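Q: First, the structure itself, so that you have it in front of you.
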Amino acid sequence: MLGGWEIFQDRRPVRVTYRQQRLIAVLALYGSQPRPFLAGMLWPNSSEKQATGSLRESIWLVSHQLPGLLVEGRDPLALSPDVAVDVHIVRRQAEALEMSHGPQGELERVRMLETLRNAELLSGWYEDWITTEQERWQQLRVKALERLAAQFLEHGETGLAVEAAACAIATDPLRESAERLLLEAYLFEGNIAQALRSYEAFRDRLNDEFGVEPSPRLAELMAPLRISRNPEFRPAVGRNGP
1 MLGGWEIFQD RRPVRVTYRQ QRLIAVLALY GSQPRPFLAG MLWPNSSEKQ
51 ATGSLRESIW LVSHQLPGLL VEGRDPLALS PDVAVDVHIV RRQAEALEMS
101 HGPQGELERV RMLETLRNAE LLSGWYEDWI TTEQERWQQL RVKALERLAA
151 QFLEHGETGL AVEAAACAIA TDPLRESAER LLLEAYLFEG NIAQALRSYE
201 AFRDRLNDEF GVEPSPRLAE LMAPLRISRN PEFRPAVGRN GP
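For the sequence shown, position 43 matches number 43 in the UniProt record's numbering, and the numbering has no gaps at all.
Listed below in structure tokens is the structure:
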């Protein structure tokens, strides 16, 4: 479900209708659920009788086209425990990053960066039940990218740190923690001009969106560079600052 809908059986792609995709996606995201819950979620504008009938038809189609995908039994409905879901795999990897025992080698970190780069959840799906999950997923994805950027920095892999932080910013352009990681990566590799450009662009975005300045902590990170470029510049400090 990341980067576009796909389902494989024995490593071969299987074509299923959009109605089947929706049912499978709900079970993949929410786990085992009662049938009335599924009917109401997937067909919110239908009567109870119509929604129940639509769900029954979808279950029949999935069971016959993809035998073994659903757990046998009437209620609640669930995917078989043998089904691998990419969302669950990436979530476990992200949780490992937060616990500081994520990928240990550069190659593993690069692979995870490539996974997260295009890991949008069911892009192009706009139903109410999925938009909430997409927002939650984006937060998890940004945090994982930030943690990955921090790990790249810890290992001196500044170019990859820039990529990871830039991916986080592309997902959430107003997130200061991601911007700080990007600036730290630029400064670590001595790319002063790019650090200044990135900071100014971030400041403009904040001002345009909310009419505020970056935090004093971020301004202080860039203060020595901005002072050298403009001797009259003085960084803003908080109320309790020096």
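Just so it is clear, CB atoms sit at the ideal spot from N, CA and C, and this is done for glycine as well.
Nothing here was measured: the structure is a model prediction, and the numbers come from that model.
Roughly how many angstroms separate the alpha carbons of L139 and L97, rounded to a whole number?
A: One-based indexing of the sequence shown puts residue 139 at position 139. One-based indexing of the sequence shown puts residue 97 at position 97. Note on residue identity: the sequence assigns Gln, not Leu, to residue 139. Taking the straight line from one Cα to the other gives about 14 Å.
Q: Within the continuous alpha helix (DSSP H) that includes M41, where are the two ends?
A: Here residue 41 refers to the residue found at position 41 of the sequence shown. M41 -> alpha helix (DSSP H) spans R35 to L42.
Q: Buried or exposed, going by whether 16 or more other CB atoms sit within 10 Å of the CB of M1?
A: Here the question's residue 1 lines up with position 1 in the sequence shown. M1 is buried by the Cβ-count criterion.
Q: Looking at the strands, I want to know which residues DSSP matches up with P67.
A: Residue numbering aside, residue 67 sits at position 67 when the sequence shown is read from its first letter. P67 is not bridged to any residue.
Q: Span of the alpha helix (DSSP H) holding N118?
A: To locate residue 118, count along the sequence shown from 1; it is residue 118. Premise fails: N118 is in no alpha helix (DSSP H) and is neither H nor E.
Q: Apart from the five residues on each side of it in sequence, which residues of its chain come closer than 8 Å, Cβ to Cβ, to L183?
A: For the purposes of this step, residue 183 is identified with residue 183 of the sequence shown, where counting begins at 1. If we look at L183 and ignore the five residues flanking it on each side, its Cβ neighbours are A195, S198, Y199, L218, L221 and M222.
Q: Alpha carbon to alpha carbon, how far is L225 from R234? Give it in angstroms, no decimals.
A: Within the sequence shown, the letter at position 234 stands for residue 234. Within the sequence shown, the letter at position 225 stands for residue 225. Note on R234: pLDDT 44, under 50, position unreliable in the model; the coordinate value appears next. R234 and L225: Cα-Cα distance of roughly 11 Å.
Q: Just to confirm, are V142 and A178 a CB contact at a threshold of 8 Å?
A: For the purposes of this step, residue 142 is taken as residue 142 along the sequence shown, with counting starting at 1. For the purposes of this step, residue 178 is taken as residue 178 along the sequence shown, with counting starting at 1. Result yes, Cβ atoms of V142 and A178 sit closer than 8 Å.
Q: Could you tell me whether the Cβ atoms of G3 and E135 are closer together than 8 Å?
A: In the sequence shown, counting from the first residue as 1, residue 3 sits at position 3. In the sequence shown, counting from the first residue as 1, residue 135 sits at position 135. Not a contact, by the Cβ cut-off of 8 Å.
Q: Does DSSP put L174 in a helix, a strand or coil?
A: On the sequence shown, residue 174 is found 174 positions in, with the first residue counted as 1. Coil at L174, not helix or strand.
Q: Out of curiosity, what's the CA-to-CA distance linking S32 and V162?
A: As a working mapping, residue 32 is identified with position 32 in the sequence shown. As a working mapping, residue 162 is identified with position 162 in the sequence shown. Computed Cα separation, rounded: 40 Å.
Q: Going by the beta-carbon positions, is the gap between W43 and A51 smaller than 8 Å?
A: Position 43 of the sequence shown holds residue 43. Position 51 of the sequence shown holds residue 51. In this structure, A51 lies closer than 8 Å to W43 by Cβ.
Q: Terminal residues of the continuous alpha helix (DSSP H) containing L140?
A: Taking the first residue of the sequence shown as position 1, residue 140 is located at position 140. L140 -> alpha helix (DSSP H) spans D128 to E154.
Q: Taking Cβ to Cβ, would you say L174 is nearer than 8 Å to R205?
A: For the purposes of this step, residue 174 is taken as the residue at position 174 of the sequence shown. For the purposes of this step, residue 205 is taken as the residue at position 205 of the sequence shown. It is a contact, given that the beta carbons lie within the stated cut-off.
Q: Check whether the region 145 to 161 and the region 123 to 134 are in contact - that is, three or more C-beta pairs closer than 8 Å.
A: Counting Cβ pairs under 8 Å, fewer than three are found: no touch.
Q: Run through DSSP, which three-state label would P81 get?
A: Mapped onto the sequence shown, residue 81 falls at position 81. Coil.
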